[in-house]
Every structure is written in C-alpha cells, then in structure tokens.
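Enquirer:
In the numbering used here, the protein residues as written are 290 to 473.
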C-alpha cells in the first residue's frame with residue numbers, strides 16, 4: 290500500500306455541519322483531503338499551526354511529554370482508511386529499542402501530535418483516491434478555505450476590539466462563502 294506525503298493547509302469552519310474541517314494537501318499533487326473534526330480538536334490544531342501555546346498542557350502536549358520521557362519518537366502519522374464516512378489513522382512510534390509500533394488514533398489527534406513533534410504526515414493512496422478533491426473544484430474550495438481562514442482571523446480581532454458591527458459583517462461574509470462551498 291502506498292503512502293502519500295501531505296501537509297496541513299489549515300482549519301475551516303463548516304457551518305452546515307456545525308463543525309470544522311482540517312484540510313490535508315498532497316505535497317506532490319493537487320488533491321485535498323478534508324477531514325471533519327470537532328471544535329476542541331480544531332482549536333488544538335489551530336494553536337499548533339499558529340505556533341501558540343495554551344497556558345496549561347493540552348492532550349497533545351501530554352502525549353509528547355510522555356513519549357519523550359519514555360524515549361519514544363513519532364516517526365510519522367498516516368491516515369489509513371475511510372469506512373462508513375469515518376477516517377482512521379495510525380501513529381508510528383519508534384522506541385528506544387528501535388522497535389516500531391503502530392498505534393490506532395483519531396486523525397485529529399494524530400495530526401496534532403505530528404505537528405507538535407514535527408513528524409511527517411501521510412495518507413494512504415486509496416484514501417485519497419476515494420475521498421480526495423480534484424481539479425477545478427479543489428482550486429475553488431482551497432481559495433475559499435484560505436479566504437475563510439483570513440476572515441476568521443479578522444473576526445477574532447474584531448471581537449477582541451469589541452467591534453461587534455464589524456464582526457457581524459465579517460461573520461456574514463464567512464457564511465456566504467461557506468454556502469458557496471456547498472454548491473461547488
């Protein structure tokens with residue numbers, strides 16, 4: 290089975306599903322793989338992508354500290370399967386005895402751990418073949434996702450400044466773009 294290297298391109302809110310999507314992109318291709326995740330997981334990955342730290346250790350910080358203390362290293366994470374609309378992942382760990390162990394994980398947890406440890410992220414080719422977005426649709430969705438990401442940052446800043454009228458306008462722009470994604 291072939292593993293394809295991917296990178297995290299960002300997190301987007303997905304209003305119709307009241308959740309979030311983490312988007313993985315092929316490093317040597319044009320396909321995107323959107324994976325629906327929960328709000329806490331999206332927040333964790335967003336913090337990691339921004340290089341921000343939470344005041345207290347989060348779950349991925351705990352996992353990272355435990356692995357370091359045990360002398361284990363995250364070799365890679367792989368999104369391995371898609372069954373019944375659910376993605377599956379594995380974390381490959383190398384122990385101090387040079388043994389490799391494959392640990393079952395939710396993709397969101399595995400991705401957060403990979404970002405924290407700077408481990409490579411892979412997706413099985415069969416998963417990208419089945420669920421990856423290709424072509425013009427991918428380009429449009431990616432552009433919209435990037436715009437939504439920038440608007441979400443502006444929204445956060447507007448709320449921090451208590452500029453609620455501005456925040457409402459930005460929120461409406463985000464909703465319009467999310468509606469557009471549903472029609473692509």
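C-beta: ideal position from N, C-alpha, C; glycine also.
1) Leaving out five residues before and five after residue 398 in sequence, what residues of the same chain have Cβ atoms less than 6 Å from its Cβ?
2) Tell me whether residue 452 is buried or exposed, calling it buried when 16 or more other Cβ atoms sit within 10 Å of its Cβ.
3) When you compare the CB positions of residue 405 and residue 343, do they come within less than 9 Å of one another, or not?
4) What did DSSP end up calling residue 432 once you bin it into helix, strand or coil?
5) Can you tell me which of the three DSSP states residue 452 falls into?
6) Output the boundary residues of the alpha helix (DSSP H) element that contains residue 349.
7) Could you spell out the range, first to last residue, of the beta strand (DSSP E) harbouring residue 317?
Expert: Taking the coordinates as given:
1) none
2) exposed
3) no
4) helix
5) coil
6) 348-359
7) Taken as a continuous stretch (DSSP letters only), residue 317 belongs to no beta strand (DSSP E), as it is neither H nor E.
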